[in-house]
Amino acid sequence: MTLRAARESDEPGLVRMLERVSRAGRSQRFFGATDTARAARQLATVAAGDLGLVAQSDRCGLVAHGALYRTGDGQAEVAFLVREDWQGRGAGALLLSHLAEAAAQAAIDVLVATVRYDNRAMISVFEHSGLPMELRYAPDSLHITLSTAADAAIALAA
Ligand SMILES: CC(C)(COP(=O)(O)OP(=O)(O)OC[C@H]1O[C@@H](n2cnc3c(N)ncnc32)[C@H](O)[C@@H]1OP(=O)(O)O)[C@@H](O)C(=O)NCCC(=O)NCCS
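If you count by this note's numbering, then the sequence shown holds residues 607 to 764, one letter each, in order.
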């Protein structure tokens with residue numbers, strides 16, 4: 607499995623990836639019913655200042671997508687989707703570590719994510735990232751804040 611930047615020409619490959627994700631999985635990522643064509647277009651489109659990454663397997667094509675969307679000065683939202691038959695093999699963790707490194711290099715100190723309470727897999731990926739993490743409880747979701755590696759290094763040295 608190799609990681610690279612997502613590009614517009616990935617749209618057909620992302621449609622195929624999304625077809626291997628259940629409606630429930632897509633709903634965890636997009637918070638609502640999203641058809642695969644629309645979702646693939648969204649994942650393949652990377653606005654200036656944002657970062658989209660895809661994980662590609664020689665045998666299976668695109669198997670995972672992770673993205674960082676700038677939300678303000680020094681802050682960005684992260685979101686992930688891994689093809690169901692590729693989950694639990696470390697793709698989510700790998701994507702997060704690359705996004706966090708890119709964020710630190712771009713002076714993005716804070717990564718945020720909104721996940722459902724029952725999304726153990728995503729919470730576990732964040733917990734195991736080694737990044738300092740804060741949780742805030744909202745009525746129907748969990749708001750997660752992570753400090754990027756640069757912050758962690760500063761905290762350790764102090
Ligand atoms: C959440 C998601 C991105 C995780 O990706 P992944 O590639 O399966 O995660 P990893 O393989 O890196 O697993 C990391 C950890 O999560 C754990 N994990 C993976 N799947 C799990 C599951 N279904 N239940 C509980 N823990 C799980 C792994 O055991 C691992 O823990 P460890 O470090 O203790 O071994 C993936 O499950 C997914 O695409 N879910 C649907 C979309 C979604 O929920 N997106 C998040 C909202 S933006």
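For each residue, glycine too, the CB sits at the ideal point set by N, CA and C. Just so we're clear, the structure is a prediction, and the values are computed from it rather than from any experiment.
Item	Value
Alpha carbons only, please: which of Ala712, Ala612, His734 and Ala685 is nearest the one belonging to Arg632?	Ala685
In angstroms, rounded to a whole number, what distance separates the CA positions of Glu707 and Thr754?	7 angstroms
Kindly indicate the opening and closing residues of the alpha helix (DSSP H) around Ser663.	No alpha helix (DSSP H) holds Ser663; the beta strand (DSSP E) holding it covers Leu657 to Ser663.
Let me know if Gln711 comes out buried or exposed under the rule of 16 or more other beta-carbons within 10 Å of its beta-carbon.	exposed
Would you decide whether Ala612 is buried or exposed? Buried here means 16 or more other CB atoms lie within 10 Å of its CB.	buried
Between which two residues does the beta strand (DSSP E) harbouring Ile729 extend?	Looking at the DSSP string, Ile729 is not in any beta strand (DSSP E); the run it does join, the alpha helix (DSSP H), is Arg726 to Glu733.
For Ala761, which residues of its own chain have a beta-carbon under 6 angstroms away from its beta-carbon, when the five flanking residues on both sides are left out?	Caution is warranted here: a pLDDT of 47 is assigned to Ala761, below 50, making its placement in the model unreliable, and the coordinate value is therefore given only provisionally. Cβ neighbours of Ala761 beyond the five flanking positions: none.
Kindly indicate the opening and closing residues of the beta strand (DSSP E) around Glu740.	Met739 to Tyr743
So within the segment 664-702, which uninterrupted alpha helix (DSSP H) runs reach at least 4 residues, ignoring any that extend past its ends?	none
Arg722 lies in the alpha helix (DSSP H); which residues open and close that run?	Careful: Arg722 lies outside any alpha helix (DSSP H) and carries neither H nor E.
Ends of the beta strand (DSSP E) at Arg610?	Thr608 to Ala611
Using a threshold of 6 angstroms, is the CB atom of Gln648 nearer than that to any non-hydrogen atom of ligand 1?	no
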